[in-house]
Amino acid sequence: MTLYDQIHLAWQALTGHRLRSGLMLLAMAIGVAAVVFLTALGEGARRFVVGEFTALGTHLVMVLPGRNETTGGHPPLLGETPRDLTLEDALALERHPAIRRVAPLNVGSAPASHGRREREVTVIGTTAEFLAVRRLGLTQGRNLPAAAREAHPVALIGEGIRQELFAAGERALGGWLRLGDRRFRVIGVLRSEGYSIGLDIAELVLIPVASAQQLFDTSSLFRILVEARSREDVKGASDAVRRIIRERHEGEDDITVITQDAVVSTFDDILSVLTYMVGGVAAISLVVAGILVMNVMLVAVSQRTAEIGLLKALGASPAHIQRLFLTEAVLLSLMGAAIGLVVGYGAVVALRTLYPILSASPPPWALGAATGVALATGIGFGVLPARKAARLDPVQALARR
Amino acid sequence: MIRLQDISRHFVIGDNTVHALDRVSLHITAGEYVAVMGPSGSGKSTLLNVIGLLDRPDDGRYLLDGEDTTTMDEVRLAGFRRRHIGFVFQSFHLVPRLSAAANVELPMVLAGIPAEQRRRRTTAALEAVGLTDRAGHRPEQLSGGQRQRVAVARATIMGPAVLLADEPTGNLDTASGMEVMALLETLNGDGLTLILVTHDASLGGRARRMVKLLDGRVESDERLSTGPESTP
Chain A
811 MTLYDQIHLA WQALTGHRLR SGLMLLAMAI GVAAVVFLTA LGEGARRFVV GEFTALGTHL
871 VMVLPGRNET TGGHPPLLGE TPRDLTLEDA LALERHPAIR RVAPLNVGSA PASHGRRERE
931 VTVIGTTAEF LAVRRLGLTQ GRNLPAAARE AHPVALIGEG IRQELFAAGE RALGGWLRLG
991 DRRFRVIGVL RSEGYSIGLD IAELVLIPVA SAQQLFDTSS LFRILVEARS REDVKGASDA
1051 VRRIIRERHE GEDDITVITQ DAVVSTFDDI LSVLTYMVGG VAAISLVVAG ILVMNVMLVA
1111 VSQRTAEIGL LKALGASPAH IQRLFLTEAV LLSLMGAAIG LVVGYGAVVA LRTLYPILSA
1171 SPPPWALGAA TGVALATGIG FGVLPARKAA RLDPVQALAR R
Chain B
26 MIRLQDISRH FVIGDNTVHA LDRVSLHITA GEYVAVMGPS GSGKSTLLNV IGLLDRPDDG
86 RYLLDGEDTT TMDEVRLAGF RRRHIGFVFQ SFHLVPRLSA AANVELPMVL AGIPAEQRRR
146 RTTAALEAVG LTDRAGHRPE QLSGGQRQRV AVARATIMGP AVLLADEPTG NLDTASGMEV
206 MALLETLNGD GLTLILVTHD ASLGGRARRM VKLLDGRVES DERLSTGPES TP
């Protein structure tokens, strides 16, 4: 029996039983589509998060107050910090040759009002460097003043704030914005560029760091963003940060330095594992589909007992019979996988159209894995029915009608 | 060509052992036309299955073309069936989803004969049984007589040495039954060994040799001088 004839005969058997073949195709297709779609979702989430961090600039070094003793853990956002980071610490970093820019950061929230409109906003106190470090731009006006130590009553506002607090047609630039009990003059409007680590640029108010420290009545910084001169300088810059701050803090290592690469790769790792996991969950549905294939093939064997007996009488060896039934299972798996890939991809494209921000796309390995698992289950669960068919006694098989 | 020596086949059903064949010895030479007769349960079908290599005897030796088949494995038996033996069944046993031509082709497909040659031989075989215009029909679109003729074409397509027919007219009306018998006898006239199992005495009487079985033993084995077709 040639391979072509083998496939041809199996194909005729499949098309001769459309309902059962269709059901098996459906099961396989759903399994494969689920793998494609779910891994695409996971991969999309990974790319989104990694993209967010990369948008911050890959030469970025983040300096946090407090020492994190264990490497790779969470940055110490809560709890006691032995010594605060100060604006002077930040400015001391600026002079190092490996460091291009330094942006000290204070974050808080305050009620903002203009005229009779009022809302709660997130206020970031920082310097002029912040825009460059975070790759942000302005649609109107100018940046914060360069002098970091001086408290100027000026503010940059996000597009969302402008729309909510300023009436349509009203010129925001030069207008007064009240934050808490202080007044700030709006000198610029930020270009909305989507999200940046969860913070919507459009909903931010930026003021000089010294003004923010007065507003929030604090002398410490939330963190310092340091941009190295180049990717190669990141290591030198973070070492310099540690050394300079240690000197300023009387020889104590009481800060945490996080490089962008470390953060990105951590999230990358976490989300990759997540993608593997959802892929694995989806693969379970493929195995369930495989069991269905086995069940239906077993029914097919008993339905076609007389035919198997006939084939044996015509000179088919057990191997012939086994190959025919296995070919049926393999054909079904392959077609199911093909349909599943198309459906899964269709769903992914639909998702991308609906949520362009999540650039969902199945990782290449998922396509191979889904097809491979579909094929493996098809063959694996097809073997038992095929062997059963091959072992049928031809005399009894022919006697059954 | 077919030599059975003390062939026994028994089945265990519950506590009883049924001796379907009890030390049967039979010698059939090439080109013979043998009718195997006997009441139900006399072992005719078992004998046919043993000769057709579908069933293995529990005891005895069976030589086909001088080769001892009782020691062959499944794969060799399948090859022997493919090349030497044709089956015609009472209930036709055509594959319902395949056309008449595809049914006739099946043994050649299993034998791995190239498609072009298969088509040529199938066309000739269907012509020989008078079904050229029915080649593309599926079994359900054919009458009983036509189905059995397709089955005969399929059984002989590999050029077997022996054709085994188990009640070939059992599901047919008299007219189509006679047509099928005439076809089988023509093939026998061309040199094909024909073994016919039947319990219809008038059918059995057409053969040139009659083997009667009773309770798994050969009751009588006689040459019939008068067949409907005189010896060539």
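For the protein sequence lines, the chains are A and B, in the order given.
Residue 968 in the working numbering sits at position 158 of the first sequence, and the numbers go up by one each step.
Residue 225 in the working numbering sits at position 200 of the second sequence, and the numbers go up by one each step.
We treat Cβ as the ideally placed atom computed from N, Cα and C, and that holds for glycine.
Determine the burial state of residue i: buried for a count of at least 16 other Cβ atoms within 10 Å of its Cβ, exposed for fewer.
i                 : result
Ala232 (chain B)  : buried
Ser831 (chain A)  : buried
Gln171 (chain B)  : buried
His20 (chain B)   : The question about residue 20 (chain B) has no answer here: the residues shown for chain B are numbered 26 through 257.
Thr181 (chain B)  : buried
Thr881 (chain A)  : Only weak support exists for where Thr881 (chain A) lies, its pLDDT of 48 falling under 50; the coordinates are left without a value.
Glu244 (chain B)  : exposed
Thr256 (chain B)  : Residue placement at Thr256 (chain B) is poorly supported in this model, since its pLDDT is 45, which falls under 50; the coordinates still yield a value, given next. Its Cβ having fewer than 16 others within 10 Å, Thr256 (chain B) is exposed.
Ser295 (chain B)  : Past the edges of chain B, shown from 26 to 257, lies residue 295 (chain B), and the structure says nothing about it.
Val37 (chain B)   : exposed
Arg1141 (chain A) : At residue 1141 (chain A) the sequence reads Leu, which differs from the Arg that was named. Under this definition Leu1141 (chain A) is a buried residue.
Thr157 (chain B)  : exposed
Met1087 (chain A) : exposed
By how many angstroms is the C-alpha of residue j removed from the C-alpha of residue i?
i                 : j                 : result
Glu890 (chain A)  : Ala958 (chain A)  : With a pLDDT of only 49 at Glu890 (chain A), under the threshold of 50, the placement of this residue in the model should not be trusted, and no figure is reported.
Leu1102 (chain A) : Leu239 (chain B)  : 49 Å
Ala1072 (chain A) : Gly841 (chain A)  : 35 Å
Leu874 (chain A)  : Thr1028 (chain A) : 16 Å
Gly1146 (chain A) : Leu1136 (chain A) : 15 Å
Leu228 (chain B)  : Leu824 (chain A)  : 41 Å
Phe940 (chain A)  : Val912 (chain A)  : 8 Å
Ala839 (chain A)  : Ala1093 (chain A) : 12 Å
Ala125 (chain B)  : Val134 (chain B)  : 14 Å
Val1044 (chain A) : Leu897 (chain A)  : 21 Å
Pro1128 (chain A) : Leu1151 (chain A) : 34 Å
Ile1054 (chain A) : Leu903 (chain A)  : 7 Å
Ala961 (chain A)  : Gly1089 (chain A) : 53 Å
Leu966 (chain A)  : Ile997 (chain A)  : 6 Å
Asn128 (chain B)  : His118 (chain B)  : 10 Å
Val1097 (chain A) : Gly1188 (chain A) : 9 Å
Can you check whether the CB of residue j is closer than 8 Å to the CB of residue i?
i                 : j                 : result
Thr94 (chain B)   : Leu78 (chain B)   : yes
Asp191 (chain B)  : Ser50 (chain B)   : no
Leu1014 (chain A) : Leu1000 (chain A) : yes
Ser1228 (chain A) : Gly951 (chain A)  : Chain A is shown only over 811 to 1211; residue 1228 (chain A) falls outside these bounds and no answer can be derived.
Met62 (chain B)   : Thr218 (chain B)  : no
Ala1184 (chain A) : Ser1143 (chain A) : yes
Pro1204 (chain A) : Lys1122 (chain A) : yes
Val1047 (chain A) : Val846 (chain A)  : It is worth fixing the name first, because residue 1047 (chain A) is Ala in this sequence and not Val. No, these two residues do not count as a Cβ contact at 8 Å.
Leu895 (chain A)  : Ser1021 (chain A) : no
Arg905 (chain A)  : Ala1038 (chain A) : no
Arg782 (chain A)  : Pro955 (chain A)  : Absent from the structure is residue 782 (chain A), since the part of chain A shown begins at 811 and ends at 1211.
His924 (chain A)  : Arg1041 (chain A) : no
Glu864 (chain A)  : Val1036 (chain A) : A small correction: the amino acid at residue 864 (chain A) is Thr; Glu does not occupy that position in the sequence shown. Their beta carbons are not under 8 Å apart, which means Thr864 (chain A) does not touch Val1036 (chain A) by this criterion.
Asn916 (chain A)  : Gly935 (chain A)  : yes
Using DSSP's beta-bridge definition, name the partner residues of residue i.
i                 : result
Trp986 (chain A)  : A:Arg995
Glu247 (chain B)  : B:Met235
Gly950 (chain A)  : According to the sequence shown, residue 950 (chain A) is Gln rather than Gly. According to DSSP, which records beta bridges pairwise, Gln950 (chain A) is partnered with A:Val999.
Ala965 (chain A)  : A:Val996
Arg929 (chain A)  : A:Ala922
Leu88 (chain B)   : B:Arg28, B:Asp93
Asp191 (chain B)  : B:Val222
Ile1017 (chain A) : A:Gly935
Can you list, in chain order, the residues of its chain whose CB lies under 8 Å from that of residue i, leaving out five sequence neighbours each side?
i                 : result
Ala149 (chain B)  : none
Arg1091 (chain A) : It should be noted that the sequence gives Val, not Arg, for residue 1091 (chain A). Cβ within range, chain order: Leu848.
Leu209 (chain B)  : Val113, Val177, Leu188, Ala190, Pro193, Leu219, Leu221
Asp31 (chain B)   : Arg48, Val49, Ser50, Asp84, Gly85, Arg86
Asp90 (chain B)   : Met26, His109, Ala186
Can you tell me whether residue i sits near the ligand MN, meaning its C-beta is under 7 Å from at least one heavy atom of the ligand?
i                : result
Leu212 (chain B) : Ligands displayed in this structure: none; no statement on the ligand MN is therefore possible.
Apart from the five residues just before and just after residue i, which ones in its own chain have a Cβ nearer than 6 Å to its Cβ?
i                 : result
Arg248 (chain B)  : Arg234
Arg1162 (chain A) : Ala1170
Ala1099 (chain A) : Ala837, Met838, Gly841
Leu88 (chain B)   : Arg28
Glu1062 (chain A) : none
Tell me which same chain residues have a C-beta within less than 7 Å of the C-beta of residue i, skipping the five on either side of it?
i                : result
Ile76 (chain B)  : Ile27, Leu189, Ile220
Ile972 (chain A) : First, the residue type needs correcting, since residue 972 (chain A) is Arg and not Ile in the sequence shown. The residues are Ala982, Val999.
Asn213 (chain B) : Tyr58, Leu219
Asn196 (chain B) : Gln115, Ser116, Gly169
Gln142 (chain B) : none
Ala920 (chain A) : Val931, Val933, Leu989, Gly990, Leu1025
Handout entry: Near-chain E residues of the region 1119-1151 of chain A (beta-carbon distance less than 9 Å), N- to C-terminal order
Key = No chain E is present in this structure, whose protein chains are A and B.
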